[in-house]
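**Q** Residue numbers (this note's numbering), protein chains in the order written: chain A, 735 to 1078; chain B, 48 to 263. Glycine included, every Cβ here is placed at the ideal spot set by N, Cα and C. Take this structure first; my questions come after.
Following this line, the structure appears as structure tokens:
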């Protein structure tokens, strides 16, 4: 099977030849090319070259066109702070007060150099891999984006006490999100990963999510012209798995803190699980630890398909060594071949 | 006593529902019955502790922890004069976010410590290693609370600890934030003095440090 066949088989809740593995590389590509992160993202050719190299090197079952979360903030005119050894981060929030919200316009994709670069990257990668490897594009959910737009504290004030302004901002974000997702799909992305960390009950209580973020997710995802994976960026997802299934997502990025047995039962035949290795701890794993973690995860989650092995945050940290990533890939090949063997 | 227990439960419920008005009414009633600032402080701290535990156990959300802290801070401020520091007055405590601008964790800890009568110096967010070290030295800080969101920032705590020691500061460093939650041993590897899992835990650690103890 090629990567596309392997992944599609898993998503349709059948067992492929082996467990599909997604190493979700974003800024890690700069390490592969030996250049700094800001330079790396300044030219789509860098990302194309690194993604293709890393796909082969690690037998990776996906291409990931995600650059950094605040790329969408740049499109809104906000600031991004680059570091030498980690993901670019959002700077000072550009919404300084809630009254400003009514003056915000939906950014046009074609007017953002950074977003256009991602589309160029996606097109070039699609030309290179065709239908053999799935290309995963990324959007931030309209519900979670305001954490970077206005800061978490102000956003909670908006969410709990300023319904009119909240609804207005959601409309803006929703229009942008749909346009951005569909532009990536049109450029060649196979599916869109909808990052929605605030959907996790660890961040926002389920009752609030149901009356806000969940409705927004359903409306937004229904307007994407392609398949969607929802990712809670290491937040627990078990208590909201049925809600996420009802948004139409085909895949769910679950947390290391979720109970694997329970989540596997709940997901069976309904949503494909993606996860859930701890990327932060991964930076300190030796070979044996990597092997044990992967074997345990395969034992708990792989039977019957409906599972893609990955980290639980949606991004491999810079600090993780290449040898650890290779150990993970090798262990998947050795112990993730279907049918899964019982381990003592 | 029974009325106090009932009011405590109602107060906690009002906080979880982010109902500021209801929480304030209960707070007033509690004060009228008990006529004691200490009792009010106990009410808020107990409620915040139960809510913090609920988050640790996966039963409650971070937004509920945050909003509860903010509501309690406002209520305590209303009853206690600004200058009245009831706890840790002998210690200079500061809090800051290293490298990024996400300040929710800092705000939660700030609210909880303020609600329990501690005075904190807020160093702000988006701080470089040099900035946080300089502020710690210039302000003669005894306890430095560092909040981080991402792994690279968390790893930079090691430099902060080295630099403040090199400059002769005896400040104890308590860390917190997502990287330390996801990797339970990380605080030791960056040579922090303690891992402040949540606001209440930070409060207990400060109390222990002020009595000469340390985190094991």
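Within the 8 Å Cβ cut-off, does residue 154 of chain B reach chain A?
**A** To locate residue 154 of chain B, count along the second chain from 1; it is residue 107. Yes - at least one Cβ of chain A is within 8 Å of the one on residue 154 of chain B.
**Q** Just curious, the alpha helix (DSSP H) that residue 117 of chain B is in, first and last residue?
**A** As a working note, residue 117 of chain B is residue 70 in the second chain. Start and end: 109 to 126.
**Q** Where does residue 162 of chain B fall in DSSP's three states?
**A** Translated into the one-based positions of the second chain, residue 162 of chain B becomes position 115. The answer is helix: DSSP assigns residue 162 of chain B an H, G or I state.
**Q** Can you list, in chain order, the residues of the stretch 212 to 233 of chain B whose Cβ is nearer than 7 Å to any Cβ on chain A?
**A** Result list: 226, 229 and 230.
**Q** In whole angstroms, what is the alpha-carbon distance linking residue 941 of chain A and residue 935 of chain A?
**A** Reading the first chain from its first residue, position 207 is the one you call residue 941 of chain A. Reading the first chain from its first residue, position 201 is the one you call residue 935 of chain A. Each residue's Cα considered, the two are about 9 Å apart.
**Q** Do we get a CB-CB distance below 8 Å when we pair residue 242 of chain B with the residues of chain A?
**A** Walking along the second chain from the start, residue 242 of chain B turns up at place 195. No, no contact with chain A.
**Q** Suppose you measure from the CA of residue 784 of chain A to the CA of residue 245 of chain B; what does that come to, to the nearest Å?
**A** The residue labelled residue 784 of chain A in the question sits at position 50 within the first chain. The residue labelled residue 245 of chain B in the question sits at position 198 within the second chain. Distance between the alpha carbons of residue 784 of chain A and residue 245 of chain B is about 39 Å.
**Q** Expressed to the nearest angstrom, what Euclidean distance is found between the alpha-carbon atoms of residue 923 of chain A and residue 774 of chain A?
**A** To locate residue 923 of chain A, count along the first chain from 1; it is residue 189. To locate residue 774 of chain A, count along the first chain from 1; it is residue 40. If you take the alpha carbons of residue 923 of chain A and residue 774 of chain A, they lie about 21 Å apart.
**Q** Buried or exposed, going by whether 16 or more other CB atoms sit within 10 Å of the CB of residue 1076 of chain A?
**A** Counted from its first residue, the first chain places residue 1076 of chain A at position 342. Its Cβ having fewer than 16 others within 10 Å, residue 1076 of chain A is exposed.
**Q** Enumerated in chain order, which unbroken segments of the beta strand (DSSP E) with a length of 3 residues or greater are wholly contained in the stretch 833 to 902 of chain A?
**A** For the stretch 833 to 902 of chain A, whole beta strand (DSSP E) runs of length 3 or above, ordered along the chain, are 869 to 874.
**Q** Taking only beta-carbon positions, decide if residue 885 of chain A is within less than 8 Å of chain B.
**A** Within the first chain, residue 885 of chain A is the residue found at index 151, counting from 1. Yes, contact with chain B.
**Q** Name, please, each residue of chain A whose Cβ falls closer than 9 Å to the Cβ of residue 108 of chain B.
**A** Against the second chain, residue 108 of chain B aligns to sequence position 61. What residue 108 of chain B touches in chain A: 934, 935, 936, 937, 938, 939, 940, 942 and 943.
**Q** Suppose the cutoff is 6 Å on Cβ atoms and the five residues either side in sequence are ignored; what does the same chain contact list for residue 782 of chain A look like?
**A** In the first chain, the residue the question calls residue 782 of chain A occupies position 48. Correct list, in chain order: 855, 858 and 859.
**Q** Would the stretch 89 to 107 of chain B count as touching the stretch 53 to 66 of chain B if we require 3 or more Cβ pairs under 8 Å?
**A** Cβ pair count under 8 Å is three or more, so yes.
**Q** Could you say which of B:190, B:233, B:53 and B:137 lies nearest to residue 252 of chain B if we only look at CA atoms?
**A** As a working note, residue 252 of chain B is residue 205 in the second chain. When only C-alpha atoms are compared, the closest one is B:190.
**Q** Could you name the residues of chain B that residue 794 of chain A contacts, counting a contact when the two beta carbons are closer than 8 Å?
**A** The residue given as residue 794 of chain A occupies position 60 in the first chain. In chain order: nothing, as chain B lies at least about 21 Å away.
**Q** Can you check the stretch 52 to 81 of chain B for any alpha helix (DSSP H) of at least 4 residues that lies completely inside it and give the ranges in chain order?
**A** As far as the stretch 52 to 81 of chain B is concerned, its whole alpha helix (DSSP H) runs of at least 4 residues are 67 to 81.
**Q** Is the CB-CB distance between residue 1043 of chain A and residue 867 of chain A below 8 Å?
**A** As a working note, residue 1043 of chain A is residue 309 in the first chain. As a working note, residue 867 of chain A is residue 133 in the first chain. Result no, Cβ atoms of residue 1043 of chain A and residue 867 of chain A do not sit closer than 8 Å.
**Q** The ligand ADP heavy atoms versus the CB of residue 849 of chain A: any closer than 7 Å?
**A** Ligands are entirely absent from the displayed structure, and the ligand ADP is therefore not among its contents.
**Q** CA-CA distance, residue 142 of chain B and residue 174 of chain B?
**A** As a first step, residue 142 of chain B is located in the second chain; it is residue number 95 there, counting from the start. As a first step, residue 174 of chain B is located in the second chain; it is residue number 127 there, counting from the start. Rounded to whole angstroms, residue 142 of chain B to residue 174 of chain B spans 11 Å at the Cα level.
**Q** So what does DSSP say about residue 1013 of chain A, is it helix, strand or coil?
**A** Translated into positions along the first chain, residue 1013 of chain A becomes position 279. DSSP places residue 1013 of chain A in helix when its eight states are reduced to three.
**Q** If we cut at 8 Å on Cβ distances, does residue 157 of chain B have a partner in chain A?
**A** Locating residue 157 of chain B in the second chain gives position 110, counting from the first residue. Judged by the 8 Å Cβ criterion, residue 157 of chain B is not in contact with chain A.
**Q** Interface residues of chain B around residue 862 of chain A at Cβ under 7 Å?
**A** Here residue 862 of chain A refers to the residue found at position 128 when the first chain is read from its first residue. Neighbours of residue 862 of chain A on chain B: none; closest Cβ ~31 Å, over 7 Å.
**Q** Can a CB atom of chain B be found closer than 8 Å to the CB of residue 1053 of chain A?
**A** Stepping through the first chain from its first residue, residue 1053 of chain A is reached at position 319. It does: the Cβ of residue 1053 of chain A has a partner Cβ on chain B nearer than 8 Å.
**Q** Pull out every residue of the stretch 175 to 201 of chain B whose Cβ sits closer than 9 Å to any Cβ of chain A, in chain order.
**A** Listed by position along the chain: 196, 197, 198, 199, 200 and 201.
**Q** Closest to residue 225 of chain B by C-alpha separation, out of A:1002, A:836, A:984 and A:969, would be which residue?
**A** Your numbering for residue 225 of chain B matches position 178 in the second chain. Here the closest residue by C-alpha is A:969.
**Q** Measuring CB to CB, does residue 988 of chain A end up less than 8 Å from residue 1009 of chain A?
**A** Numbered from 1 along the first chain, position 254 holds the residue referred to as residue 988 of chain A. Numbered from 1 along the first chain, position 275 holds the residue referred to as residue 1009 of chain A. Yes, the pair counts as a contact, with Cβ atoms nearer than the cut-off.
**Q** Residue range of the alpha helix (DSSP H) that residue 256 of chain B falls in?
**A** Within the second chain, numbered from 1, the residue matching residue 256 of chain B stands at position 209. That run of the alpha helix (DSSP H) goes 246 to 257.
**Q** Residues in the same chain with beta-carbon distance under 6 Å from residue 915 of chain A, minus the five sequence neighbours each way, listed in chain order, please.
**A** Numbered from its first residue, the first chain carries residue 915 of chain A at position 181. So the qualifying residues of the chain are 873, 926 and 958.
**Q** Would you call residue 738 of chain A buried or exposed, if buried means 16 or more other Cβ atoms sit within 10 Å of its Cβ?
**A** Within the first chain, the letter at position 4 stands for residue 738 of chain A. By the neighbour-count rule (16 or more Cβ atoms within 10 Å), residue 738 of chain A is buried.
**Q** Quick check: what's the CA-CA separation for residue 156 of chain B versus residue 124 of chain B?
**A** Locating residue 156 of chain B in the second chain gives position 109, where the first residue counts as 1. Locating residue 124 of chain B in the second chain gives position 77, where the first residue counts as 1. Going by the C-alpha atoms only, they are around 16 Å apart.
**Q** In chain order, what residues of the same chain lie with their CB nearer than 6 Å to the CB of residue 939 of chain A, ignoring the 5 residues before and after it?
**A** By one-based count along the first chain, residue 939 of chain A stands at place 205. Around residue 939 of chain A: no qualifying Cβ.
**Q** Could you tell me the boundaries of the beta strand (DSSP E) in which residue 925 of chain A lies?
**A** As a position in the first chain, residue 925 of chain A is number 191, starting the count at 1. 925 to 929 is the extent of the beta strand (DSSP E) around residue 925 of chain A.
**Q** Using CA atoms only, rank isn't needed, just tell me which of A:985, A:1062, A:875 and A:994 is closest to residue 909 of chain A.
**A** To locate residue 909 of chain A, count along the first chain from 1; it is residue 175. Of A:985, A:1062, A:875 and A:994, the residue nearest in Cα terms is A:875.
**Q** Given this structure, state the Cα-to-Cα distance separating residue 798 of chain A from residue 1021 of chain A, to the nearest angstrom.
**A** Counting from 1 along the first chain, the entry for residue 798 of chain A is found at position 64. Counting from 1 along the first chain, the entry for residue 1021 of chain A is found at position 287. One C-alpha to the other measures close to 25 Å.
**Q** Under 8 Å Cβ-Cβ, which residues of chain A neighbour residue 206 of chain B?
**A** On the second chain, residue 206 of chain B is found 159 positions in, with the first residue counted as 1. Neighbours of residue 206 of chain B on chain A: none; closest Cβ ~12 Å, over 8 Å.
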